[in-house]
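Protein chains in written order, with this note's numbering: chain C, 39 to 234; chain A, 39 to 234.
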């Protein structure tokens with residue numbers, strides 16, 4: 039990443055407060071999703087295939103969100119209509135997230151940024167990163183979670199299109215599903231408090 | 039289902055309080071998971087394949103939970119050790135859940151029972167159905183959600199083993215993934231309150 043193409047509001051590499059989720063809890067989450075030694079290289083390889091395609095991937099996801107009124111409503115501006123600049127800024131980070139899921143180490147810095155993303159969905163920090171005066175004060179947890187299905191299923195064709203003869207598409211897809219599940223679970227932390 | 043084989047504590051067909059989630063919200067959730075007209079018959083067919091295998095399926099899931107200390111810990115009895123009777127009673131309902139996911143209509147009664155299951159994971163009703171004096175007062179939301187991965191991935195081989203020549207395993211598996219996601223999202227409702 040060069041300075042020119044850092045997405046607006048992206049702060050992964052900045053000094054972040056540590057996540058309240060420690061690496062022992064992360065290890066338990068990885069156990070829950072049956073994470074195995076084979077998943078790490080499969081996810082890295084998925085990243086090589088998906089990284090050049092992030093704009094196409096976001097086209098698919100934004101078409102889906104944009105055509106679904108209760109989903110796009112979290113992007114409303116002060117006038118109650120979808121805010122194009124807000125959508126655009128989030129899109130840049132969403133693209134970067136695809137790359138980060140596949141390429142970043144699952145370490146304390148990764149946990150810290152997942153917590154930052156969590157807070158940006160929750161009432162704690164929604165709208166602040168992008169300076170939006172939105173009537174939507176949080177992303178409903180149910181919608182955030184349910185998007186695990188489109189985010190998992192739609193990635194398959196991108197993996198198939200980019201796979202070479204010795205790639206295992208099923209292994210890459212399962213590693214993606216597992217890693218996305220862990221990130222979504224981490225993003226749900228502020229919603230559930232002590233019961234998380 | 040005959041009177042003799044109703045699982046302990048199973049109350050789907052009893053008079054239940056209506057869910058706070060109405061059918062409009064359910065419709066939105068089904069949109070989120072890209073539910074389509076083709077999913078309903080695929081899920082019904084999956085039910086025909088999975089229903090005779092629920093004991094084998096639960097063997098797989100209980101092996102996984104039983105061998106994972108932080109997961110089995112929610113089944114502790116008063117002595118701090120896993121409570122065999124508690125595990126056994128939940129297992130009966132878990133088996134029935136597999137059948138219900140595939141065969142029940144997604145209507146207000148279905149919503150009411152998903153809410154009942156939600157409350158049985160949450161502090162509201164954990165342990166009461168089975169009369170357990172457990173030091174575990176709730177199922178952590180993160181663990182409940184992350185189990186979407188084993189519950190989705192492990193079902194594939196059962197579908198493959200039971201499929202006939204004209205069955206579409208991929209379609210059945212996707213319908214299962216979508217339906218399971220909706221149920222887990224509904225079970226998370228009490229954890230997030232107004233932010234759900």
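Just so it is clear, CB atoms sit at the ideal spot from N, CA and C, and this is done for glycine as well.
Your pair residue 124 of chain A and residue 113 of chain A checks out as a contact, with CB atoms roughly 5 Å apart and the cut at 8 Å.
Interface with chain A (8 Å Cβ-Cβ cutoff): residue 198 of chain C is excluded. Residue range 146–159 is occupied by the alpha helix (DSSP H) that includes residue 156 of chain A. Within chain C, the residues placing a beta-carbon under 9 Å from that of residue 234 of chain A are 178, 179, 180 and 229, ordered along the chain. If you draw a straight line from the Cα of residue 185 of chain A to the Cα of residue 183 of chain C, it is about 13 Å long. Judged by beta-carbon spacing, residue 96 of chain C lies beyond the 8 Å limit of residue 144 of chain C, meaning their Cβ atoms are not closer than that value.
Contact with chain C is found for residue 188 of chain A, since one of that chain's Cβ atoms lies less than 8 Å from the residue's Cβ. Relative to residue 47 of chain A, the option among A:139, A:135 and A:142 whose CA is nearest is A:135.
Within the stretch 56–72 of chain A, the residues whose Cβ lies closer than 7 Å to any Cβ of chain C are, in chain order, 66, 67, 69, 70, 71 and 72. Along the stretch 106–125 of chain A, going in chain order, the ones with a CB nearer than 8 Å to a CB of chain C are 106, 108 and 109. Distance from the CA atom of residue 106 of chain A to the CA atom of residue 170 of chain C, rounded to whole angstroms, is 44 Å. Taking residue 119 of chain A as the centre and dropping the five residues before and after it, the same chain places no C-beta closer than 8 Å to its C-beta.
Distance check between residue 94 of chain A and each of A:139, A:130 and A:55 places A:130 closest, using alpha-carbon atoms only.
Residues of the stretch 210–228 of chain A with a Cβ closer than 9 Å to any Cβ of chain C, in chain order: 212, 215, 216, 219, 220, 222, 223, 224, 226, 227 and 228. Closest option to residue 158 of chain A, judged by alpha-carbon separation, among A:176, A:219 and A:62: A:176. With contacts defined by Cβ atoms closer than 8 Å, residue 201 of chain C and residue 80 of chain C do not form a contacting pair.
Spatial neighbours of residue 92 of chain C in its own chain (CB-CB distance under 6 Å, excluding positions within 5 residues in sequence) are listed in chain order as 133 and 136. In the structure shown, residue 114 of chain C adopts extended strand secondary structure according to DSSP, grouped into three states. At a Cβ-Cβ threshold of 8 Å, residue 234 of chain C and residue 178 of chain A count as neighbours. DSSP places residue 100 of chain C in the uninterrupted alpha helix (DSSP H) bounded by 92–104.
The residues 172, in chain order, have a CB closer than 6 Å to that of residue 165 of chain A in the same chain once the five nearest residues on each side in sequence are set aside.
Contacts between residue 184 of chain C and chain A, judged by CB atoms closer than 8 Å, involve 67, 70, 71, 219, 220 and 223 in chain order.
For residue 56 of chain C, DSSP assigns no beta-bridge partner whatsoever.
For residue 228 of chain A, the secondary structure class from DSSP, reduced to helix, strand or coil, is helix. Minimum Cα-Cα distance from residue 232 of chain A among the listed residues C:217, C:180 and C:50 corresponds to C:180. The beta carbon of residue 149 of chain C sits no closer than 8 Å to any beta carbon of chain A. Taking the Cα positions, residue 207 of chain C is about 39 Å away from residue 146 of chain A. In its chain, beyond the 5 residues on either side, 80, 81, 83, 84, 87, 197 and 201 have a beta carbon closer than 8 Å to the beta carbon of residue 210 of chain C.
At a C-beta separation below 8 Å, residue 161 of chain C has these neighbours in chain A: 233.
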